[in-house]
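The numbers in this note's numbering rise by one with no breaks, and the one at position 8 of the sequence shown is 207.
To start, the structure under review is shown below, and the notes come after it.
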Amino acid sequence: MAAEAAGTFRRTQIERSDQRIAWERTDQAFFAAGACHILAWVCRESYADRPIEIAAVRFAGERQVFHVYALWDGWAFDHSGWHPESQLLAVNTEFEGRPLEQVKITDSLAEFCEEHLSRMPNQYWLDPLPRARKYVSRYIPPWA
């Protein structure tokens with residue numbers, strides 16, 4: 200699968216306001232927009248023997264991030280699977296049409312959610328963790 204910009208899957212207003220409707224999107228759409236942070240933390244948890252970091256992108260000079268992904272040795276994992284981080288950044292920059300910057304996230308999931316107004320797993324229509332684990336398992340990591 201080619202790297203795709205997260206913005207391609209932005210939630211509509213009804214998807215933002217109704218968790219059931221947001222939940223019923225395809226896995227890729229769900230993990231591109233609305234649960235990318237859950238997928239990133241589950242990826243790190245799934246490969247606990249690897250030094251996987253959490254990173255995010257935001258518009259240059261802004262504080263709020265809009266897409267979160269797992270990062271290992273220059274490889275990024277998000278809704279598009281594993282790709283060189285440079286590809287992930289390039290497709291998102293091209294889609295958004297303005298400069299982006301990468302930010303390393305060192306907070307816990309709970310701290311991240313509080314700071315960035317993101318949902319914790321228990322705040323979704325259903326538990327997203329099993330769905331994220333299944334999604335992560337679909338992709339062969341770059342070290343395999």
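Think of the CB as a built atom: it goes at the ideal place given N, C-alpha and C, for glycine as much as any other residue.
(request) To the nearest angstrom, report how far apart Ala-309 and Glu-203 are at their CA atoms. (result) 27 Å
(request) Go to Leu-316, then tell me how far its beta strand (DSSP E) extends in each direction, as first and last residue. (result) Per DSSP, Leu-316 belongs to no beta strand (DSSP E) and is neither H nor E.
(message) Going by DSSP in three states, Tyr-334 sits in which element: helix, strand or coil?
(response) helix
(request) Return the residue from the list Met-200, Val-264, Thr-225 and Leu-238 that minimises the CA-CA distance to Leu-316. (result) Val-264
(request) Mark Ser-307 as exposed unless 16 or more other C-beta atoms lie within 10 angstroms of its C-beta, in which case mark it buried. (result) exposed
(request) Report the three-state DSSP secondary structure of Glu-252 (helix, strand or coil). (result) strand
(request) Report, in whole angstroms, the separation of the C-beta atoms of Ala-255 and Val-267, which I expect to be a contact under 8 Å. (result) 5 Å
(message) Applying the 10 Å Cβ sphere with the 16-neighbour rule, what's the burial state of Pro-250?
(response) exposed
(message) For Leu-299, count the other beta carbons within 10 Å of its own beta carbon; 16 or more makes it buried, fewer makes it exposed. Which is it?
(response) buried
(message) Below 8 Å on the Cβ atoms is my contact criterion, and I expect Thr-192 with Phe-294 to pass it. Report the Cβ-Cβ distance as a whole number of Å.
(response) Residue 192 lies beyond the residue range present for the chain, which begins at 200 and ends at 343; the question has no answer from this structure.
(request) Compute the Euclidean distance between the alpha carbons of Gly-273 and Ala-343, then round it to the nearest angstrom. (result) 15 Å
(request) Starting from His-236, trace the alpha helix (DSSP H) both ways and give me its first and last residue. (result) 235 to 245
(message) Looking only at its chain, what residues have a beta carbon closer than 6 Å to the beta carbon of Trp-324, apart from the 5 residues adjacent to it on each side?
(response) Gln-218, Arg-219 and Trp-222
(message) Quick check: what's the CA-CA separation for Cys-312 versus Cys-242?
(response) 17 Å
(message) Let me make sure I understand the geometry here. Which of Gly-233, Arg-209 and Ala-239 has the alpha-carbon closest to that of Arg-318?
(response) Gly-233
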